């Protein structure tokens, strides 16, 4: 009987990948802070881990790097948001899990449109990205650029971030303005957006329904110059008009008084020079006319066709 000393080495047992812990459905990161996502896995042979972001291969750079089952991201920004997928595989199988990385950042730049009125402007805004935290307030600053250039003036603080509309009042008409506006949340301030707008002429004005979400802008450095100029011109026209009226009335009065004096002189002349009212039997000095003795005026009475 022959005895063999050859020993048989058993094959290692294959074990499919198993995650030691599950990733949370949502992972929250803070703006400008670092974060690490860990996808620990076991198996035999040791599983190989691949990472994907939003369906694409995850590539290392100076900002984001992978270390096997770990992903490390430095100084988080809004672009780091997304779905991160961890895929582990070996000869025995493949498994995957994912987490949605939410970065709490300051709000993004606002979507802003401005409609200018007479002495007001309607500011309409949309908070398109609140940074993972509801915008708590809006900040604005305003300056006039035409017809004069003024300093930036803070409009108001703690304007509602979800109102969607704000009304600036107390503006000059026919003027050009610039407005900076930005949103804030509990993380910080978002980037400012600048918009220019013009106010209208008085004949194109109407009064907006402002409700409570409005403010009256305090004018600085001689504000309201165009309004004062308009008032001054109107006052000057009125004064000139009144002077002309008074001069005309005086002229008419002098003309009327002169005509009255001329008429009275004419009447006096007639009385003095026309003898139609004198007795025909006498001279103008009262002496009797020659050959006209006894000639006097008598009343004439009519009696049935005869006279005496």
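Residue numbers (my numbering): 14 to 321. Glycine is no exception: its CB is placed at the ideal position from the N, C-alpha and C atoms. The model shown is predicted, which means the values in this text are computed figures rather than measured ones.
Beta-carbon proximity check, residue i vs residue j, cutoff 8 Å
i	j	result
residue 202	residue 172	no
residue 133	residue 192	no
residue 95	residue 74	no
residue 137	residue 177	yes
residue 103	residue 59	yes
residue 28	residue 112	no
residue 84	residue 50	yes
residue 159	residue 188	yes
Cutoff 8 Å; reference residue i; Cβ partners in own chain excluding five residues on either side
i	result
residue 110	32, 35, 36, 52, 98, 99
residue 81	62
residue 57	25, 26, 27, 28, 103, 105
residue 43	89, 116, 117, 200
residue 128	134, 135, 137, 210
residue 30	54, 55, 56, 60, 101, 102, 103, 105, 106, 107, 108
Contacting residues, own chain, Cβ-Cβ under 6 Å from residue i (five flanking each side not counted)
i	result
residue 93	86, 116
residue 148	120, 140, 174, 196, 198
residue 41	115
residue 283	With a pLDDT of 47 at residue 283, under the threshold of 50, the predicted position of this residue should be treated as unreliable, though the coordinate-derived value follows. Closer than 6 Å at the Cβ level, and outside the excluded window around residue 283, lies no residue.
Residues sharing a beta bridge with residue i, DSSP
i	result
residue 326	The chain is shown from 14 up to 321; residue 326 falls before or after that span and cannot be answered.
residue 152	195
residue 109	100
residue 42	116
residue 126	137
Close Cβ partners of residue i (< 7 Å) along its chain, the five nearest in sequence each way excluded
i	result
residue 318	In this prediction, residue 318 has a pLDDT of 46, which is less than 50 and means its spatial position is unreliable; nothing more can be read from the coordinates.
Secondary structure of residue i, DSSP reduced to three states
i	result
residue 37	coil
residue 59	coil
residue 202	strand
residue 232	At residue 232 the pLDDT is 47, less than 50, meaning the model places this residue with poor confidence; the figure from the coordinates comes in the next sentence. Three-state DSSP puts residue 232 in coil, outside helix and strand.
residue 260	helix
residue 84	strand
residue 248	helix
residue 121	coil
residue 114	strand
residue 51	strand
residue 280	Low per-residue confidence applies at residue 280: pLDDT is 49, beneath 50, and the placement is therefore not dependable, though the value from the model is reported in the following sentence. Correct three-state label for residue 280: helix.
residue 159	strand
query: Any chance the segment 200-216 sits against the segment 120-128, with 3 or more Cβ pairs inside 8 Å?
result: yes
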